[in-house]
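**Student:** Going by my numbering, the first residue of the sequence shown is number 62, and it counts up by one from there. Here a beta-carbon is modelled for each residue, glycine too, at the ideal position from N, C-alpha and C. Since this is a predicted model, take the numbers as computed values, not measurements.
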Amino acid sequence: MLFHVLGIGPVGTLIAHHLRHVLDERHSVVLIHKHLAQMRRTRKMGSEVIVERDGIRTLSSGFRSEVSDTQKQQREDQLNAQRVRKAEIRARYSDDLTDGDNSSKETHLIHPPSGTIESLIVTTKAQSVTPAIQQLLPRIGPNSTIVLLNNGMGVYENLLQYIFRNPEQRPHFILATNDHGAFLKGYMHCVHAGIGAIKFGIVPDPWGRDFEASASSGGQLSLKDIMEHDDDERYFSLRNTVAVLSSLSALNASWVPFSSVMTAIKRKLVVNSVINPLTAIMGCRNGDVFTSDAANRICRRVCMEAEWVFSAEYAAQEGLTKNLFISSRGDRRLPVVPSALKGESLEEEVKRVASITTGNVSSMLADIQKGKHTEIDFMNGHLLRMGLDYKVHMPTTATLLNLIKMREAIPLDPSLLAGKQNTCKDVLGYAAGTFSLIKIPLADFSADLYDEQLELDEELST
């Protein structure tokens, strides 16, 4: 079976390395590169990956490499087929052994052709997933499995809205969350800087198969609930993908119920919606951001707004109207939101992550420093889309998003940053003081909806 990894950054490199170590040689791990030059460079380097942990380097090899653009990959396959034919002809009509030796020198140019993607593990930036999947679409079918291992939320929803509209032709999806720390030290050289865990869950089957049947009856999650030995081949890639991911013990990977992984993903969403924009705006490391009381106030407010919108989501799932949702707060008729999604618990998690990643530069700050677009639309932006859906006003979350949009649009001026450390707390304090007063609607807020959100915000605050 083929396991494709899309996004050869720190996380993708780490995943590919450990996949290669747990899989039998009969199964291939295929690295999907963005550009042909990257693919060819990887092949010339021997298709090797280095992962470094605590100063110890571990090598993995035997990877196949492809490019995400299907048309370019097809042309590469055609060139490769020509090389194969030439090598066969040269070997067939060779009169001496030296010609055979010469043909063997070209074997590094010959690679198996690409084909249908069975299992695709996606680790690209959130904003890059949909266009990348669009390029690979001719190779993805309803029997394929896609694992989304990205920051933020909203990627899966985008894929369903813009690409996989027909449930009958939709591949299987696995959603995952990762809190390992990693960075690239060199090309195909990843440093595993922080040990964490990977949790993943299977999106419920549109055909009605219960992947968690054993757990629902008091047992443990079982591969048999996905597919028996002689079962429908539609579930073959899903079963094997879950089995392989579960075997990544070095990454503390575990298959959990879908509701559990969604709670974990939402917690990480809130963490990212606080730490990433604050560090990117202030230009500081994760551990420095909460040295100010002002940052603590911002954090508390974002976590409170997140709890409100998660509560509204649970209320909608239980059929409560907006008015009933508001009036229920006093007599405890609100649906029970998991304690892990309460404001206080979310705030504790934000502080915990900031503490254990104290010396890290957040991905959003790194993107700002490189002049790249950030993942803010899939962090604070996703929370705000939920706020629009459930009419929950989220002014602090919106302000952080708007500040990042400004930061993306205005080039950094190094000459103005010399006194940054002296003014950082003042700027943060001013921002925190105004967050409770500023009411900045998103561009697509209507005036009526905005007024309604203000009223709802006041009622929820009482």
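#1: Let me know if residue 186 comes out buried or exposed under the rule of 16 or more other beta-carbons within 10 Å of its beta-carbon.
#2: Which parts of the region 162-246 are runs of the beta strand (DSSP E), unbroken and 3 residues or longer, counting only runs that do not cross its ends?
#3: Are the Cβ atoms of residue 209 and residue 217 separated by less than 8 Å?
#4: Would you kindly report the start and end of the unbroken beta strand (DSSP E) that includes residue 121?
#5: Look at the alpha carbon of residue 243 and the alpha carbon of residue 378, and state the distance between them as a whole number of angstroms.
#6: Roughly how many angstroms separate the alpha carbons of residue 114 and residue 96, rounded to a whole number?
#7: Using the C-alpha atoms, what's the distance from residue 435 back to residue 456?
#8: I'd like to check one pair, residue 261 with residue 237: are the Cβ atoms closer than 8 Å?
#9: Determine the closest residue to residue 339 out of 465, 193, 267 and 325, with distance taken between C-alpha atoms.
#10: For the beta strand (DSSP E) holding residue 260, just list the boundary residues, first then last.
#11: Starting from the C-beta of residue 308, find all residues in its chain whose C-beta is less than 7 Å away, skip the five residues before and the five after it, and write them out in chain order.
#12: Output the distance between the C-alpha atoms of residue 351 and residue 201, rounded to the nearest integer angstrom.
#13: Along the alpha helix (DSSP H) that carries residue 111, what are the first and last residues, could you check?
#14: CA-CA distance, residue 365 and residue 127?
#15: Going along the chain, which unbroken runs of the beta strand (DSSP E) with 3 or more residues stay wholly within the region 296-328?
#16: To the nearest angstrom, report how far apart residue 129 and residue 467 are at their CA atoms.
#17: Among residues of its own chain, excluding the 5 on either side of residue 325, which ones have a beta-carbon nearer than 7 Å to its beta-carbon?
#18: If you compare alpha carbons, which of 102, 299, 361 and 415 is closest to residue 408?
#19: Where does the unbroken alpha helix (DSSP H) through residue 444 begin, and where does it stop?
#20: Can you give the Cα-Cα distance for residue 70 and residue 421, rounded to whole angstroms?
#21: Just curious, the beta strand (DSSP E) that residue 64 is in, first and last residue?
#22: Ordered along the chain, which non-local residues of its own chain (more than five positions away) have a Cβ less than 6 Å from that of residue 235?
#23: Once the 5 residues before and after residue 124 are set aside, which same chain residues still bring their CB inside 6 Å of it?
#24: Please list the terminal residues of the continuous beta strand (DSSP E) segment that includes residue 252.
#25: Using CA atoms only, rank isn't needed, just tell me which of 431, 477 and 111 is closest to residue 246.
#26: Specify the secondary structure class of residue 133 as computed by DSSP and reduced to three states.
#27: Opposite residue 127 in the DSSP bridges: which residues?
#28: Is there contact here, the region 342-349 with the region 433-449, by at least three beta-carbon pairs under 8 Å?
#29: Go ahead and pull the three-state DSSP assignment for residue 418.
#30: Reducing DSSP to helix, strand and coil, say where residue 76 ends up.
#31: According to the neighbour-count rule (16 or more other Cβ atoms, all chains shown, within 10 Å of its Cβ), is residue 296 buried or exposed?
#32: Rounded to whole angstroms, what is the Cα-Cα separation between residue 188 and residue 432?
#33: If you follow the alpha helix (DSSP H) that residue 456 is part of, which residue opens it and which one closes it?
#34: With distance defined between alpha-carbon atoms, name the residue in 460, 65, 438 and 449 nearest to residue 212.
#35: Looking at C-alpha atoms only, which residue of 206, 251, 454 and 134 is the closest neighbour of residue 118?
#36: For residue 133, which of 293, 98, 120 and 299 has the nearest alpha-carbon?
**Tutor:** Quick look at the numbers:
#1: buried
#2: 180-183, 206-209 and 233-239
#3: yes
#4: Going by DSSP, residue 121 is part of the beta strand (DSSP E) stretching over 117-121.
#5: 37 Å
#6: 28 Å
#7: 20 Å
#8: For residue 237 and residue 261, yes; Cβs fall inside 8 Å.
#9: 465
#10: 259-263
#11: 83
#12: 44 Å
#13: It is not in any alpha helix (DSSP H) - residue 111 instead sits in the beta strand (DSSP E) that spans 110-114.
#14: 45 Å
#15: 314-316
#16: 32 Å
#17: The residues are 238 and 260.
#18: Out of 102, 299, 361 and 415, 361 has the C-alpha closest to the C-alpha of residue 408.
#19: 441-451
#20: 16 Å
#21: 63-67
#22: Excluding sequence positions up to five before and after residue 235, its CB lies within less than 6 Å of the CB of 208, 261 and 263, all in the same chain and listed in chain order.
#23: 90, 92 and 108
#24: 250-255
#25: 111
#26: Residue 133 falls in the helix class under three-state DSSP.
#27: 93
#28: no
#29: coil
#30: helix
#31: buried
#32: 15 Å
#33: 456-470
#34: 438
#35: 251
#36: 98
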